[in-house]
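Colleague: To start, I am sharing the structure in question, which I have written as structure tokens.
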Amino acid sequence: MFENLSERLSGVFDRLTKQGALSEDDVKTALREVRVALLEADVSLPVARDFVKAVQEKATGQAVTKSVTPGQQVVKIVHDELVHVLEGEGEPGELKVDNAPAPILMVGLQGGGKTTTTAKIAKRLKEKQGKRVLMASLDIYRPAAMQQLEVLGRQIGVDTLPIVEGQSALQIAKRAQQQATMGGYDVYMLDTAGRLQIDEKLMGEVEDVRNAVKPRETLLVVDGLTGQVAVEVAEEFDAKVGITGVVLTRMDGDGRGGAALSMRAVTGKPIKFVGLGEKMEALEEFRPEQIAGRILGMGDIVALVEKAQETIEAEQAERMMKRFQKGQFNMNDLKMQLEQMLKMGGMEGMMKMMPGMGKMAKQVEESGFDDTIFRHQIALIQSMTKKERANPALLQASRKKRIAAGAGQEVSELNKLLKMHRQMADMMKKMGKGGMLKQALKGMF
Ligand code: GDP
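Shown next, in the form of structure tokens:
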């Protein structure tokens, strides 16, 4: 029987010694359990192996945070790494549908949920993005499938291409393209025929259609409950027709989501959506955290991870504050602050959160300041050596030249950064004395 990772690890947690840093043995013991849990969650063996290796490297030697056990900390690292592997580029659920009419090709095996998902996505494009969508079924082998799409179209108020008997898949695709162009549609979706298993004829047909319409997106719809099979299907379709993304269906069932991880690792293609039921609304953007939680065994462990995260951040802030109060504010600190600012919506966002800085925020707003400056400043700091970052006083003319050139910028930019650093260091010191720094840092984390 499936035992979730948190249960699995609870025994191990108790045995792990509480030391200053995670020892190799601690990590190994925990990761053995993680590996078994991944395999039970349907993650393929090579993917599980690589994954565990990556976690091991990250975890060994990490300082153990107060108030969590080493085992719990390993879980946090595992969770973060899962999210990292699952994350694709771009926003979740984003589809390329510019240049009207944009073709979307839907591919997959029969019964995977292709037709249902076609309609779900059409509804979403219509309602969330205000797109005019045309749907067409290319399944000439199953008249019932064509009618199914027509029924769904009526249900969600999306047009379908009129059914003409005796046409080939390619002919229907071309007709859809024509109608989409003439009818002023933004998107046309082609629901290709599925088979029970992959065969050459099916692939050939899909390839012909792809070559004719040049889809903006080719989405593979796979049943998330089929685990390893889903991964093989994804590999095959990607090799033959080239997919741009995956939709995992039946994630409302008790599948453990391991297929998502393998699929992402094996094909490198983003998972765009998950299907969560038969209803037309039951489609959600793919959220890596959710799947990571599912693979790990949900609930308690996720809460635990969040708590650990908070603790780590609080400790980090505490340590930073102590140093700032002593006037130790170096380039690494500045870099962290700049990165934090980018995350929080730039200078304005940050200034507004710092007490007494409202006026500065207004000045920033008026000067038309934008985030590119932060990125340039971060690049300058990255171009400094470790020593230089720790001690900016080292920066004389020749070093400055090298750093500016390394970041592709002028020395004058670097001088501005250094001035800002000095001002901030002074400010931190002053604020530290008045206890304001603590408040300000609290707001940042
Ligand atoms: P196709 O052959 O790939 O086009 O598959 P269909 O779209 O006809 O779907 C097959 C069955 O799966 C239908 O009964 C759908 O209602 C059901 N289905 C599709 N997606 C989901 C999902 O995300 N969750 C659940 N529970 N059922 C789904």
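First residue of the sequence shown: 1, per UniProt numbering; consecutive thereafter.
The beta carbon of each residue, even a glycine, is placed where N, CA and C say it ideally should be.
Quick caveat: nothing in here was measured; it's all calculated off a predicted structure.
Under the criterion of a Cβ to heavy atom distance below 7 angstroms, does Val85 qualify as lining the ligand HEM?
Modeller: Judged by which ligands are present, the ligand HEM is missing from the structure shown, whose ligands are the ligand GDP.
Colleague: Do Gly277 and the ligand GDP come close, with the Cβ less than 7 angstroms from some heavy atom?
Modeller: Taking the first residue of the sequence shown as 1, we reach residue 277 at position 277. At least one heavy atom of the ligand GDP is nearer than 7 angstroms to the Cβ of Gly277, so yes.
Colleague: Would you report the Cα separation of Ala136 and Met146, rounded to the nearest angstrom?
Modeller: Residue 136 sits at position 136 when you count from the first residue of the sequence shown. Residue 146 sits at position 146 when you count from the first residue of the sequence shown. The straight-line gap from Cα to Cα measures roughly 8 angstroms.
Colleague: Taking Lys419 as the reference, give the member of Gln340, Asp159, Asn330, Gly253 with the closest Cα.
Modeller: Position 419 of the sequence shown, counted from the start, is the residue given in the question as residue 419. Per the Cα distances, Asn330.
Colleague: Exposed or buried, Thr181, counting other C-beta atoms within 10 Å across all chains shown (16 or more means buried)?
Modeller: Counting from 1 along the sequence shown, the entry for residue 181 is found at position 181. It counts as exposed.
Colleague: So, does the region 279-293 touch the region 86-97, judging by three or more C-beta pairs under 8 angstroms?
Modeller: yes
Colleague: For Leu190, report the span of its alpha helix (DSSP H) as first-last.
Modeller: Looking up residue 190 in the sequence shown gives position 190. Premise fails: Leu190 lies in the beta strand (DSSP E), 187-191, not in any alpha helix (DSSP H).
Colleague: Tell me Ser137's beta-bridge partners as DSSP assigns them.
Modeller: For the purposes of this step, residue 137 is identified with residue 137 of the sequence shown, where counting begins at 1. Beta-bridge pairing links Ser137 to Asp191.
Colleague: Let me know the beta strand (DSSP E) ranges lying completely inside the region 172-226, each 3 residues or longer, listed in chain order.
Modeller: 187-191, 217-223
Colleague: How many Å lie between Ile271 and Gly166 at the Cα?
Modeller: In the sequence shown, the residue the question calls residue 271 occupies position 271. In the sequence shown, the residue the question calls residue 166 occupies position 166. Going from the Cα of Ile271 to the Cα of Gly166 covers about 35 angstroms.
Colleague: How would you label Ala239, buried or exposed, when you count the other beta carbons within 10 angstroms and need 16 or more for buried?
Modeller: Residue mapping note: residue 239 aligns to position 239 of the sequence shown, counting from 1. Per the 10 Å Cβ criterion, exposed.
Colleague: Using the beta-carbon count (16 or more within 10 Å), is Pro103 buried or exposed?
Modeller: Taking the first residue of the sequence shown as position 1, residue 103 is located at position 103. It is buried - the Cβ of Pro103 has at least 16 other Cβ atoms within 10 Å.
Colleague: Going by beta carbon distance, what residues of the same chain come within less than 6 angstroms of Ser383, once the five residues before and after it are set aside?
Modeller: As a first step, residue 383 is located in the sequence shown; it is residue number 383 there, counting from the start. Excluding sequence neighbours, Ser383 sits near Ile403, Gly406, Ala407.
Colleague: For Ile271, which beta-bridge partners are listed by DSSP?
Modeller: As a first step, residue 271 must be located in the sequence shown, where it is residue number 271. The bridge partners DSSP lists for Ile271 are Val246.
Colleague: What do you get for Ala397, buried or exposed, if any count of 16 or more other CB atoms within 10 angstroms of its CB means buried?
Modeller: Against the sequence shown, residue 397 aligns to sequence position 397. So Ala397 ends up on the exposed side.
Colleague: Are the CB atoms of Leu334 and Met431 nearer to each other than 8 angstroms?
Modeller: The sequence position of residue 334 within the sequence shown is 334, counting from 1. The sequence position of residue 431 within the sequence shown is 431, counting from 1. For Leu334 and Met431, no; Cβs fall outside 8 angstroms.
Colleague: Glu318 to Gly93, Cα distance in whole Å?
Modeller: Looking up residue 318 in the sequence shown gives position 318. Looking up residue 93 in the sequence shown gives position 93. For Glu318 and Gly93, the distance between alpha carbons rounds to 38 angstroms.
Colleague: Can you tell me where the alpha helix (DSSP H) with Met146 in it begins and where it stops?
Modeller: Mapped onto the sequence shown, residue 146 falls at position 146. Note, Met146: alpha helix (DSSP H), 143-156.
Colleague: Does the count of Cβ pairs from the region 110-125 and the region 217-230 closer than 8 angstroms reach three?
Modeller: yes
Colleague: If contacts are defined as beta-carbon pairs under 8 angstroms, then Val246 and Met263 qualify, I think. What distance do you get, rounded to the angstrom?
Modeller: Working through the sequence shown from its first residue, we reach residue 246 at position 246. Working through the sequence shown from its first residue, we reach residue 263 at position 263. That pair is a contact at about 6 angstroms.
Colleague: Name, in chain order, the residues that DSSP records as bridge partners for Val107.
Modeller: Counting from one through the sequence shown, the residue named residue 107 turns up at place 107. Paired residue(s): Leu220.
Colleague: Using DSSP with H/G/I as helix, E/B as strand and the rest coil, what is Glu284?
Modeller: To locate residue 284, count along the sequence shown from 1; it is residue 284. Residue state, collapsed to three classes: strand.
Colleague: Grab me the residues of Glu81's own chain with a C-beta within less than 8 angstroms of its C-beta, minus the 5 sequence neighbours each way, in chain order.
Modeller: By 1-based counting over the sequence shown, the position of residue 81 is 81. Correct list, in chain order: Phe51, Ala54, Val55, Lys58.
Colleague: Any idea if Arg294 is buried or exposed, counting beta-carbon neighbours within 10 angstroms, 16 or more meaning buried?
Modeller: In the sequence shown, the residue the question calls residue 294 occupies position 294. With 16 or more other Cβ atoms within 10 Å, it is buried.
Colleague: Pick from Val78, Asp191, Ala379: whose alpha carbon is nearest that of Thr118?
Modeller: For the purposes of this step, residue 118 is taken as the residue at position 118 of the sequence shown. For the residues Val78, Asp191, Ala379, the minimum Cα distance to Thr118 belongs to Asp191.
Colleague: On the three-state DSSP scale, how would you describe Thr160?
Modeller: Taking the sequence shown and counting its residues from 1, the one referred to as residue 160 is at position 160. In the structure shown, Thr160 sits in a strand (DSSP, three-state: E or B).
Colleague: Between Leu276 and the rest of its own chain, which residues show a CB-CB distance below 8 angstroms, the 5 nearest in sequence each way excluded?
Modeller: What you label residue 276 is simply residue 276 of the sequence shown in a count that begins at 1. Correct list, in chain order: Met251, Asp252, Ala282, Leu283, Glu284.
Colleague: Starting from the C-beta of Arg195, find all residues in its chain whose C-beta is less than 7 angstroms away, skip the five residues before and the five after it, and write them out in chain order.
Modeller: If you number the sequence shown from 1, residue 195 lands on position 195. Around Arg195: Leu109, Gln110, Leu202.
Colleague: Buried or exposed: where does Leu105 fall if 16 or more other Cβ atoms within 10 Å of its Cβ makes it buried?
Modeller: Here residue 105 corresponds to residue number 105 of the sequence shown, with the count starting at 1. Result: buried.
Colleague: Using a threshold of 7 angstroms, is the CB atom of Gly93 nearer than that to any non-hydrogen atom of the ligand GDP?
Modeller: As a first step, residue 93 must be located in the sequence shown, where it is residue number 93. No, the beta carbon of Gly93 sits no closer than 7 angstroms to any heavy atom of the ligand GDP.
Colleague: Looking only at its own chain, which residues have a Cβ that is under 6 angstroms from the Cβ of residue 446, when we skip the five neighbours before and after it?
Modeller: There is simply no residue 446 to check, as the chain begins at 1 and stops at 445 in what is shown.
Colleague: Along the alpha helix (DSSP H) that carries Asp25, what are the first and last residues, could you check?
Modeller: Here residue 25 refers to the residue found at position 25 of the sequence shown. Residues 24-40.
Colleague: Arg124 and Asp186 - do their beta-carbons sit closer together than 8 angstroms?
Modeller: The residue given as residue 186 occupies position 186 in the sequence shown. The residue given as residue 124 occupies position 124 in the sequence shown. It is not a contact, given that the beta carbons lie outside the stated cut-off.
Colleague: Going by the DSSP bridge assignment, what does Ala102 pair with across the sheet?
Modeller: Taking the sequence shown and counting its residues from 1, one reaches residue 102 at position 102. Bridge partners of Ala102: Val187.
Colleague: Can you tell me which of the three DSSP states Gly406 falls into?
Modeller: The residue labelled residue 406 in the question sits at position 406 within the sequence shown. Residue state, collapsed to three classes: helix.
Colleague: How should Lys120 be labelled, buried or exposed, when 16 other C-beta atoms within 10 angstroms of its C-beta is the threshold for buried?
Modeller: To locate residue 120, count along the sequence shown from 1; it is residue 120. So Lys120 ends up on the buried side.
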